[in-house]
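Residues 23 to 80 (the working numbering) make up the sequence shown, in order.
Think of the CB as a built atom: it goes at the ideal place given N, C-alpha and C, for glycine as much as any other residue.
In what follows, a single structure is set out as structure tokens and then discussed.
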Amino acid sequence: MNEFQKNPEIVVFAGPNGSGKSTFTQLLKPPIDYINADEIKKYLREQEQCDKIQIAQL
């Protein structure tokens, strides 16, 4: 078991649209799982798997 598995952490970058959250996390390039709601919305729009109301609720 590695150190991260022994002591898991979650880091959240939150703020209003346009505040630089994505830019900041791209600069860090964390070697961890990264979830970006904007990327999920873009993917769903491209796949047409959700209607606009469902996407807006993410």
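- Item | Cβ shell of residue 44 (< 8 Å), same chain only, five flanking positions each side left out | Sequence-distant partners of residue 44 (beyond 5 residues in either direction) whose C-beta falls short of 8 Å from its own C-beta, in its chain, are 58, 60.
- Item | Identity of the residue in 64, 35, 39 nearest residue 50 by Cα | That would be 35, whose Cα lies nearest to the Cα of residue 50.
- Reduced DSSP secondary structure (H/G/I, E/B, other) of residue 56: If DSSP states are grouped into helix, strand and coil, residue 56 belongs with coil.
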